[in-house]
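Shown next, in structure tokens, is the structure this report addresses.
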Amino acid sequence: MRKNFIFFIITLSILISCQRGDPLENIDINGFGGVQKDYSYEDYGNFYNYNAYIDNLTADDSSGALIPPLALPASRLAIFTENGYLHKIFEKTIESSAKLEHEDYPQSSIVADKDGNFYYLSVSAELVSLNKEGKIKWKIKIYDTPRKNILFSELLIYQNYLFFGDNSGKLYAYTVDSKLLWNKGFRLNINRTLSVSESGKIAISLTNDEFGASDKLVLISKDGEIIFEKEFKGIRLFRSPSIHKDKLILTGVEDINNERNYLIICLDTLGNEIWRKKIDLFPRYSSVSHDGLIFIVGFNAGIGKPLSVIYCLDWNGKEIWKLYYDVTIKTPIMISNNKLAFLGIKENLTAIFFIKKSGLIVNFISLNDVPLINTIPTIRSDGVISFAAVNKLQIIRIDDTFLNKLLPW
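Taken in order, the sequence shown gives residues 29 to 437; the numbers are from the numbering used here.
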């Protein structure tokens, strides 16, 4: 009887998995937060929250991660290491490796197109494309003459377009076959995150890098047409907005006449302000679920013990709940079907915390005993939260046992 029950559960689990399909199959793949910077992984299913596991990977190159891994279809990961290798990983196995020259090491995050080709910005200020085996397809110089102290934003891919900015105020659009489509120059600096809407509109925040100045939000079509350029008087912007359907969720700090306000601002895609809400702590990150729940991370920017807060708002900006934590929250709220997750750090604890969408605290998984990690997580296509170790070729995953995954409760 027990064997029949276990067989039934395994069969049911396989059927459900097959019906759901792989959320990363045949699509462009971006890094943490996705192209819309909503940090929703609801299409991936549920996050696991049983234990932290260390996968020791065996390869000729044993160096740690240079940048966070990229999630690939079928629960695979791609990882660049300090020694310049690109490894493809499945579970605890290195499936393939390719070595790059030092000038081709990545400076930006990596992205992949639906055919499995990779793209990134290199330390030599080149846009680089690799095939699925990790061999260079093409690389092009971004600048005609060498430049010093250039920093790039993250790289985003959307429908065969590649978008990125730099700290000189320029935004670029290339095709995946290396053609420059357009570039735009702005007087202010481009923040390091970009967002792209479902219809291909690129959102960038432009900053003076000082409190009390007036930063801007710009929305541009994928063909390079400026849809709007909106200035926010006395407001400093730190990140691009989270985008959900036809709305943009922006966070900023208003500083006028030495009076400081912490703000959440909702705009439509024409630049019209829908609502504005003040919160009590410094706004750090925003996330949006498929059904329009907004999650904001705030923190105490003063000196003293860490204090963070999570606000849950409805689509009209009404507060549903908020939770305070005595940790520094280092990531946006990650959203799955059944729970939320974030990385929190304080003096004697580094952990992944889990809560329900209703605000009910679930548990936390300590990372105190795992190797030193890059704190930007990667979400595998099966919902496993993963981190790369920085000193050795290891993956730390927040996962569950095989049997527990099969159980229906």
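Heads up, the beta-carbon is just placed ideally off N, CA and C, and yes, glycines get one too.
It should be emphasised that the depicted structure is a prediction, and the values quoted were computed from it without experimental measurement.
Which two residues bound the contiguous alpha helix (DSSP H) that contains leucine 434? Its alpha helix (DSSP H) spans residues 430-434.
Give the C-beta separation of lysine 120 and alanine 106 to the nearest angstrom, bearing in mind that I take them to be a contact with Cβ-Cβ under 8 Å. In fact, because the Cβ distance is near 16 Å, the residues do not count as touching under 8 Å.
Taking the straight line between their C-alpha atoms, what separation do you get for aspartate 172 and leucine 128? Their Cα atoms are separated by approximately 23 Å.
On a Cα-Cα basis, can you pick out the residue from Lys261, Lys250 and Ile248 that is closest to glutamate 238? The shortest Cα separation from glutamate 238 among Lys261, Lys250 and Ile248 belongs to Lys261.
Mapping DSSP to helix, strand and coil, what is histidine 272? Strand at histidine 272.
Taking C-alpha atoms, which residue in Asp141, Lys367, Ser249 and Ile230 lies nearest to serine 268? It is Ile230 whose Cα lies nearest to the Cα of serine 268.
Distance, asparagine 285 Cα to leucine 94 Cα: The alpha-carbon of leucine 94 is positioned some 43 Å away from that of asparagine 285.
Do lysine 244 and phenylalanine 266 count as a contact pair if the criterion is CB distance below 9 Å? With contacts defined by Cβ atoms closer than 9 Å, phenylalanine 266 and lysine 244 do not form a contacting pair.
At the level of alpha carbons, what is the spacing between serine 364 and aspartate 89? Distance between the alpha carbons of serine 364 and aspartate 89 is about 34 Å.
With a threshold of 6 Å on Cβ separation, who are the neighbours of aspartate 194 within its own chain once the five nearest residues in sequence on each side are excluded? If you ignore the 5 residues before and after aspartate 194, its C-beta comes within less than 6 Å of the C-beta of Ile178 and Phe180, all in its own chain and listed in chain order.
From isoleucine 401 to asparagine 432, what does the alpha carbon distance come to, in whole angstroms? Using only the alpha carbons, I get a separation of about 26 Å.
Taking contact to mean at least 3 C-beta pairs separated by less than 8 Å, is the stretch 51-70 in contact with the stretch 381-392? In short, these stretches do not touch, since the Cβ pair count stays below three.
What residue range is occupied by the uninterrupted beta strand (DSSP E) comprising glutamine 422? That run of the beta strand (DSSP E) goes 422-427.
Which residue spans inside the stretch 122-165 form an unbroken beta strand (DSSP E) run of at least 3? Scanning the stretch 122-165 from its first residue to its last, the whole beta strand (DSSP E) runs of 3-plus residues come out as 146-149 and 154-158.
Ignoring anything shorter than 3 residues or poking outside the stretch 242-268, list the beta strand (DSSP E) runs there in chain order. The qualifying runs are 244-248, 254-259 and 263-265.
Assign alanine 369 to buried or exposed, taking buried as 16 or more other Cβ atoms, counted over all protein chains shown, within 10 Å of its Cβ. Classification for alanine 369: buried.
Local conformation of aspartate 172 per DSSP, three classes: Aspartate 172 falls in the coil class under three-state DSSP.
Is it buried or exposed for asparagine 217, if we count other Cβ within 10 angstroms and need 16 for buried? Counting the other Cβ atoms within 10 Å of the Cβ of asparagine 217 gives 16 or more, which makes it buried.
Mind checking if arginine 312 is an interface residue toward chain D, Cβ cutoff 9 Å exclusive? Of the chains in the structure shown, none is chain D; there is only one protein chain.
Identify which residue in Tyr133, Ile322, Ser314 and Lys275 has its Cα closest to the Cα of glutamate 301. Glutamate 301 has its Cα closest to that of Lys275, out of Tyr133, Ile322, Ser314 and Lys275.
DSSP beta-bridge partners for histidine 318? Bridge partners of histidine 318: none, in fact.
Return the residue from the list Val325, Asp428, Pro399 and Leu190 that minimises the CA-CA distance to leucine 421. Distances from the alpha-carbon of leucine 421 to those of Val325, Asp428, Pro399 and Leu190 put Pro399 closest.
How many whole angstroms separate the CB atoms of tyrosine 147 and leucine 183, which I take to be in contact at a CB cut-off of 8 Å? In this structure, tyrosine 147 and leucine 183 form a Cβ contact; the two beta carbons are roughly 6 Å apart against a cut-off of 8 Å.
Beta strand (DSSP E) runs wholly inside the stretch 179-232, at least 3 long, in chain order: Note on the stretch 179-232: whole beta strand (DSSP E) runs with a minimum of 3 residues are 184-186, 189-193, 198-203 and 208-213, in chain order.
By the three-class DSSP mapping on this structure, what secondary structure does asparagine 419 have? Correct three-state label for asparagine 419: coil.
Which residue comes first and which comes last in the beta strand (DSSP E) that contains asparagine 402? Premise fails: asparagine 402 is in no beta strand (DSSP E) and is neither H nor E.
Pull up the CB-CB distance for valine 325 and isoleucine 361, whole angstroms please, since I reckon it's below 8 Å. Between valine 325 and isoleucine 361, the beta carbon gap of about 6 Å places them in contact (Cβ cut-off 8 Å).
Closer than 6 Å by C-beta to valine 246: which residues in its own chain qualify, once you throw out the five before and the five after it? Chain order, please. Listed in chain order, the non-local C-beta contacts of valine 246 below 6 Å within the same chain comprise Ile232 and Glu257, local neighbours out to five positions each way being set aside.
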